[in-house]
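> Quick note, the sequences are listed as chains A and B, same order.
Just so we're aligned: 166 in this note's numbering is position 166 of the first sequence, and the numbers increase by one with no gaps anywhere.
Whatever position you read off the second sequence (first residue = 1), add 1000 for this note's numbering.
Every residue, glycine too, gets a C-beta built ideally from N, C-alpha and C.
Have a look at this one before I ask anything.
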Amino acid sequence: MVQSELARPLADYIVARTAARSAEVVVFSRLSGGAIQDNFALTVDLDGGEQPGRQEYVVRCDAPSGVSVSLSRPQEFQVLKAAFDAGVTVPRPFWLCEDKAVIGQQFYVMSRARGTASPPKLVGGELTENQRSALTRQFGRELGRLHQVKPPQPGLDFLPLPQSSPALSRISEYRHHLAAISEPHPVLDWALNWLEDHVPPAQPPVLCHCDFRTGNYMVDQGQLTAVLDWEFATWSDPAEDLGWLCSRSWRFGAPEREVGGIGQKADLFAGYGEITGSEPDPARISYWEIMALVRWAVVALQQAQRHLSGEQSSLELALTGRMLPQMEYDLLMQIRELEKSP
Amino acid sequence: MKTSAPEAEELLTIARQELLGELLPAVDSGLKYQVLMIANAMNIARREITEGPSTEQRAGEAIKGFYQAHAPQQAEQADESQLAADIRARRFTAQGDQLHELLLTLTRGKLQISNPKYARGAPKPPA
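Below, the structure written as structure tokens:
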């Protein structure tokens, strides 16, 4: 269906779910989309039923050409529910529709969060120092709550449990991806050796977001309103989420602000400790920051491959491939720093 | 055959200048990011033309110099692929510092072309 034709079937779907008498579509527009999924803003005025009045939703569905190595929409919906039930600040998941007859794709409906997810706005100066500190502490609390979710969980049995340590699984996965690319990356090979040689003792796996970084959460007037984009969630070492959030790659021009270009680790760790009872071990987080650099480098190489192979001609994908020297530089500098510190 | 002036480097320079000077202010905000990406791509291409060959030569010399010092039998054919394979095979474990220095030299060379400001460490101004 053409985009503009989706609004009415979606509104009717919501009428049925909420037992409203009718719905008037006020807003329907694409929020963002990619190769794999589409997000639409849908605002309706509902007459009666369980959610009377003006309601703001987001409809998230598969893109028409969606081929994905991440979670399907139904799986993502289950993860979102688990996070919501654990008290993580996420859009409220309402309904999952697996019937493609409605709009031609599977989709789910969730509440729409206010604010912005834009890294330039968040990192660049909209927030005061106090807001940054509070927000960074809040990140810690959110991850702390998420990491209370441990396997097994009814409804999440599609998530694979790590075979050995999550770190070793990742290392093996990245070596495998590198081997498939003919262009040499000796720095990545070198960094993977280091990661292999310094694996910390494994922690029991918990539910991890696996892409929690600036760009994937929304902030409205200094307050976190939603953690988004749960498609990579899986059971893993909790330090993976903290390391990814602190990675140099996601500081968007503010490298001195260790946590997502927003704040400092002390606040992040304090927030995490408030919820879990103990603050993270800084050395473990540093390890997973290195892992995060390698992971992003490998993903960037794969994105460049999508362009080079002709699968998806895109300047953005092509330029992403040219970012490799940045990650390689960060790896060389950070690993040396870690080796030199006591 | 010598091409007519202006050559590739100059064409990219002036084209990018007009893209940023004339087009960027005139496009919808939704297209600005794409224009900036195009400008970036043109900059990378320009630096590749002007500095690519010398950077590659320096990289090759650095690799050969390293191999001459630590694995002379392979020095003749040594290149980045050989280096990567040897690293995977855990060779050069006794030459940690020298290997690090070599990798940093190679990486700085690549950064000179793809993003020269990055290695200088100065935080970029907020967008």
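So is Leu315 (chain A) in contact with chain B if we call contact Cβ pairs under 8 Å?
For the purposes of this step, residue 315 (chain A) is identified with residue 315 of the first sequence, where counting begins at 1. True, the Cβ-Cβ gap to chain B drops below 8 Å.
> Is there at least one Cβ from chain A nearer than 8 Å to Leu1031 (chain B)'s Cβ?
Translated into positions along the second sequence, residue 1031 (chain B) becomes position 31. Leu1031 (chain B) does not count as touching chain A.
> Looking only at its own chain, which residues have a Cβ that is under 6 Å from the Cβ of Gln1077 (chain B), when we skip the five neighbours before and after it?
As a first step, residue 1077 (chain B) must be located in the second sequence, where it is residue number 77. Excluding its 5 nearest sequence neighbours in each direction, Gln1077 (chain B) has no C-beta neighbour in its own chain below 6 Å.
> Determine, for Pro1123 (chain B), whether the minimum Cβ-Cβ distance to residues of chain A falls below 8 Å.
Sequence index remark: in the second sequence, residue 1123 (chain B) carries index 123 (1-based). For Pro1123 (chain B), the pLDDT reaches just 44, beneath the cut-off of 50, and the residue's location in the model is therefore unreliable, although a value from the coordinates is still provided. For Pro1123 (chain B), the nearest beta carbon of chain A is closer than 8 Å to its own beta carbon.
> If you draw a straight line from the C-alpha of Gln203 (chain A) to the C-alpha of Pro166 (chain A), how long is it?
Against the first sequence, residue 203 (chain A) aligns to sequence position 203. Against the first sequence, residue 166 (chain A) aligns to sequence position 166. Cα-Cα distance, rounded: 9 Å.
> List, in chain order, every chain A residue whose beta-carbon is nearer than 7 Å to that of Leu1104 (chain B).
In the second sequence, the residue the question calls residue 1104 (chain B) occupies position 104. Neighbours of Leu1104 (chain B) on chain A, chain order: Leu332.
> Can you name the start and end residues of the alpha helix (DSSP H) that Trp133 (chain A) belongs to?
To locate residue 133 (chain A), count along the first sequence from 1; it is residue 133. In the sequence on display, residue 133 (chain A) carries Ser and not Trp. That run of the alpha helix (DSSP H) goes 129-146.
> Please say whether Gly243 (chain A) and Trp250 (chain A) have beta carbons closer to each other than 8 Å?
For this step, residue 250 (chain A) is matched to residue 250 along the first sequence. For this step, residue 243 (chain A) is matched to residue 243 along the first sequence. Not closer than 8 Å, so no.
> What is the rounded straight-line gap between the Cα of Gly1128 (chain B) and the Cα of Asn1043 (chain B)?
Since the first residue shown for chain B is 1001 and the last is 1127, residue 1128 (chain B) is missing from the structure and cannot be characterised.
> At a cut of 8 Å, does the stretch 163-181 of chain A reach the stretch 222-237 of chain A through at least three beta carbon pairs?
yes
> Comparing alpha-carbon positions, which option in A:Leu71, A:Gly263, A:Ile103 lies nearest Gly124 (chain A)?
Within the first sequence, residue 124 (chain A) is the residue found at index 124, counting from 1. A check of alpha carbon separations from Gly124 (chain A) across A:Leu71, A:Gly263, A:Ile103 identifies A:Gly263 as the nearest.
> Is any beta-carbon of chain A found at less than 8 Å from that of Thr1055 (chain B)?
What you label residue 1055 (chain B) is simply residue 55 of the second sequence in a count that begins at 1. Output row for Thr1055 (chain B): interface = no.
> Is the stretch 318-335 of chain A touching the stretch 1007-1015 of chain B in the sense that three or more CB pairs, one from each, lie closer than 8 Å?
no
> Is Ser1081 (chain B) helix, strand or coil by DSSP?
Along the second sequence, read from residue 1 onward, the residue named residue 1081 (chain B) stands at position 81. Looking at Ser1081 (chain B) - three-state DSSP - the assignment turns out to be helix.
> Thinking His209 (chain A) and Ala233 (chain A) are a contact (beta carbons under 8 Å), I'd like their distance in whole angstroms, please.
Position 209 of the first sequence, counted from the first residue, corresponds to residue 209 (chain A). Position 233 of the first sequence, counted from the first residue, corresponds to residue 233 (chain A). Right, their Cβ atoms sit about 6 Å apart.
> Mind checking Pro1131 (chain B): buried by the 16 CB within 10 Å criterion, or exposed?
A question about residue 1131 (chain B) goes unanswered here, because the residues of chain B that appear run from 1001 up to 1127.
> If you run the structure through DSSP and keep just helix, strand and coil, what is Lys1124 (chain B)?
Position 124 of the second sequence holds residue 1124 (chain B). Any reading at Lys1124 (chain B) needs caution, since the residue's pLDDT is 43, under 50, leaving its predicted position unreliable; the model's value is listed next. Residue state, collapsed to three classes: coil.
> Can you name, in chain order, every residue of its own chain whose Cβ lies under 7 Å from the Cβ of Leu96 (chain A), other than the five neighbours on each side?
Against the first sequence, residue 96 (chain A) aligns to sequence position 96. Pro74, Phe77, Tyr108, listed in sequence order.
> Can you confirm whether Trp190 (chain A), when its beta carbon is compared against all beta carbons of chain B, has any partner nearer than 8 Å?
The residue given as residue 190 (chain A) occupies position 190 in the first sequence. Yes, because at least one Cβ of chain B sits closer than 8 Å to the Cβ of Trp190 (chain A).
> In whole angstroms, give me the CA-to-CA distance for Lys265 (chain A) and Thr136 (chain A).
As a first step, residue 265 (chain A) is located in the first sequence; it is residue number 265 there, counting from the start. As a first step, residue 136 (chain A) is located in the first sequence; it is residue number 136 there, counting from the start. C-alpha separation (whole angstroms): 8 Å.
> Using the DSSP secondary-structure output, state which residues sit across from Ala23 (chain A) in a beta bridge.
Looking up residue 23 (chain A) in the first sequence gives position 23. Paired residues: A:Leu46.
> Going by DSSP, which residues form a beta bridge with Gly263 (chain A)?
On the first sequence, residue 263 (chain A) is found 263 positions in, with the first residue counted as 1. Gly263 (chain A) pairs with A:Val259.
> Compare the beta carbon distance of Gln51 (chain A) and Thr18 (chain A) with 8 Å and say whether it is the shorter of the two.
For the purposes of this step, residue 51 (chain A) is taken as residue 51 along the first sequence, with counting starting at 1. For the purposes of this step, residue 18 (chain A) is taken as residue 18 along the first sequence, with counting starting at 1. A contact, by the Cβ cut-off of 8 Å.
> State the start and end residues of the unbroken alpha helix (DSSP H) segment that holds Ala202 (chain A).
Your numbering for residue 202 (chain A) matches position 202 in the first sequence. That residue, Ala202 (chain A), is in no alpha helix (DSSP H); it is neither H nor E in DSSP.
> Quick one: using the 10 Å Cβ neighbour count with 16 as the cut-off for buried, is Asp157 (chain A) buried or exposed?
In the first sequence, counting from the first residue as 1, residue 157 (chain A) sits at position 157. The residue in question, Asp157 (chain A), is exposed, as its Cβ has fewer than 16 Cβ neighbours within 10 Å.
> At a CB-CB cut-off below 8 Å, which residues of chain B make contact with Arg336 (chain A)?
Reading the first sequence from its first residue, position 336 is the one you call residue 336 (chain A). Ordered by position in chain B, the residues that pass the 8 Å Cβ test against Arg336 (chain A) are His1100.
> Using DSSP with H/G/I as helix, E/B as strand and the rest coil, what is Ala1089 (chain B)?
In the second sequence, the residue the question calls residue 1089 (chain B) occupies position 89. In the structure shown, Ala1089 (chain B) sits in coil (DSSP, three-state: anything other than H, G, I, E or B).
> Go to Glu231 (chain A), then tell me how far its beta strand (DSSP E) extends in each direction, as first and last residue.
On the first sequence, residue 231 (chain A) is found 231 positions in, with the first residue counted as 1. Element bounds for Glu231 (chain A): n/a, residue is neither H nor E.
> Taking beta-carbon pairs under 7 Å, can you tell me which members of the stretch 1060-1087 of chain B lie near chain A?
Glu1080, Ser1081, Leu1083, Ala1084, Ile1087
> Report yes or no: is there a C-beta of chain B within less than 8 Å of the C-beta of Asn193 (chain A)?
On the first sequence, position 193 is the one that residue 193 (chain A) refers to. At least one chain B Cβ lies under 8 Å of Asn193 (chain A).
> Look at the Cβ atom of Val59 (chain A), then the Cβ atom of Val44 (chain A), and state whether they are nearer than 8 Å.
As a first step, residue 59 (chain A) is located in the first sequence; it is residue number 59 there, counting from the start. As a first step, residue 44 (chain A) is located in the first sequence; it is residue number 44 there, counting from the start. Not in contact: Val59 (chain A) and Val44 (chain A) (Cβ atoms no closer than 8 Å).
> Tell me, please, which residues DSSP counts as bridged to Tyr1118 (chain B).
Walking along the second sequence from the start, residue 1118 (chain B) turns up at place 118. Looking at the DSSP assignment, Tyr1118 (chain B) forms no beta bridge with any residue, so it has no partner.
> Take the Cβ of Pro325 (chain A) as the centre, count every other Cβ of all protein chains shown within 10 Å, and call the residue buried at 16 or more, exposed below.
The residue given as residue 325 (chain A) occupies position 325 in the first sequence. By the 10 Å Cβ count, Pro325 (chain A) comes out buried.
> When the cut-off is 8 Å and only beta carbons count, does Val352 (chain A) lie next to chain B?
Shown here, chain A extends from 1 to 342; a query on residue 352 (chain A) therefore has no answer.
> So Pro280 (chain A) and Tyr272 (chain A) are supposed to be a Cβ contact under 8 Å. How far apart are they, rounded?
As a position in the first sequence, residue 280 (chain A) is number 280, starting the count at 1. As a position in the first sequence, residue 272 (chain A) is number 272, starting the count at 1. With a Cβ gap of about 6 Å, Pro280 (chain A) and Tyr272 (chain A) count as contacting.
> Output yes or no for whether 8 Å exceeds the beta carbon distance between Tyr57 (chain A) and His198 (chain A).
The count along the first sequence starts at 1 and reaches residue 57 (chain A) at position 57. The count along the first sequence starts at 1 and reaches residue 198 (chain A) at position 198. In this structure, Tyr57 (chain A) lies away from His198 (chain A), with their beta-carbon atoms at least 8 Å apart.
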